[in-house]
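Trainee: Quick one: structure below, then a few questions.
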Amino acid sequence: MIDATHQLVGRLATQAARAALHGKDVKIINCEKAAMSGRKSNLLAEYKQTYQRGSPALGPFMHRQPDRLVRRIIRGMLPNKVERGRDALRRTMCYIGVPVELRDVPAIRFPEADVSKLPTTRWMLMGDISKELGGKWNE
1 MIDATHQLVG RLATQAARAA LHGKDVKIIN CEKAAMSGRK SNLLAEYKQT YQRGSPALGP
61 FMHRQPDRLV RRIIRGMLPN KVERGRDALR RTMCYIGVPV ELRDVPAIRF PEADVSKLPT
121 TRWMLMGDIS KELGGKWNE
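Everything in the sequence shown is counted per this note's numbering, starting at 1 for the first residue and increasing by one.
Okay, structure coming up:
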């Protein structure tokens, strides 16, 4: 189980994808507290342009909840068009907050993925990105 609180989502996703490819069950908690580096305007423009490209009926479809956003980032790091990658994605679960069944399980954190390692203070939480995109989830 991985705690995503104040962890850079890209570095966290590489570790999660690697563990899932090795056959481990990966559970990521507190996805709304994961961080993405960059300016607020650039991050939001990158996500919002996906909605403007195409039609609501035909796609591209993008989730707005922070756990689904993190899962999509992990999917991009897996070979999801082959059976091995699809199985790895099935073994990966992302959660908002901490579910009841995982409260007693110790969570690990990656020191190299901590947001304090950034040379700048420009970063946003995935929960804030989700709210700006119009995501409706309970905190």
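Every residue gets a Cβ at the ideal spot worked out from N, C-alpha and C, and that includes glycine.
Please report the straight-line C-alpha distance between Asp3 and Ile74, rounded to a whole angstrom.
Mentor: 15 angstroms
Trainee: Please state whether DSSP places Thr65 in a helix, a strand or coil.
Mentor: It is worth fixing the name first, because residue 65 is Gln in this sequence and not Thr. Here Gln65 sits in coil by DSSP.
Trainee: With a threshold of 7 angstroms on Cβ separation, who are the neighbours of Arg86 within its own chain once the five nearest residues in sequence on each side are excluded?
Mentor: The beta carbon of Arg86 lies closer than 7 angstroms to those of Asn80 in the same chain, with the five residues before and after it left out.
Trainee: Quick one: grab the DSSP three-state call for Asp87.
Mentor: helix
Trainee: When the Cα atoms are used, what is the spatial distance from His6 to Val82?
Mentor: 32 angstroms
Trainee: Determine the direct distance from the alpha carbon of Arg39 to that of Ile29, and round the result to whole angstroms.
Mentor: 25 angstroms
Trainee: Would you call the stretch 62-77 in contact with the stretch 11-19, where contact means no fewer than 3 C-beta pairs closer than 8 angstroms?
Mentor: yes
Trainee: Quick one: using the 10 Å Cβ neighbour count with 16 as the cut-off for buried, is Met62 buried or exposed?
Mentor: Counting Cβ neighbours within 10 Å, Met62 comes out exposed, since fewer than 16 surround it.
Trainee: Relative to the C-alpha of Asp128, which candidate in Gln65, Gln52, Ala113 and Leu58 has its C-alpha closest?
Mentor: Gln65
Trainee: Which residues mark the beginning and the end of the alpha helix (DSSP H) in which Thr50 is found?
Mentor: Following the DSSP letters along the chain, one finds Thr50 inside the alpha helix (DSSP H) bounded by residues Lys40 to Gln52.
Trainee: Lys117: which of Ser37, Tyr95, Ala20 and Gly23 sits nearest, CA to CA?
Mentor: Ser37
Trainee: Skipping 5 residues on each side, what residues in its chain have a beta carbon closer than 6 angstroms to that of Leu78?
Mentor: Ala17, Gly85, Ala88 and Leu89
Trainee: Could you give the first and the last residue of the continuous beta strand (DSSP E) run that contains Ser37?
Mentor: Ala35 to Ser37
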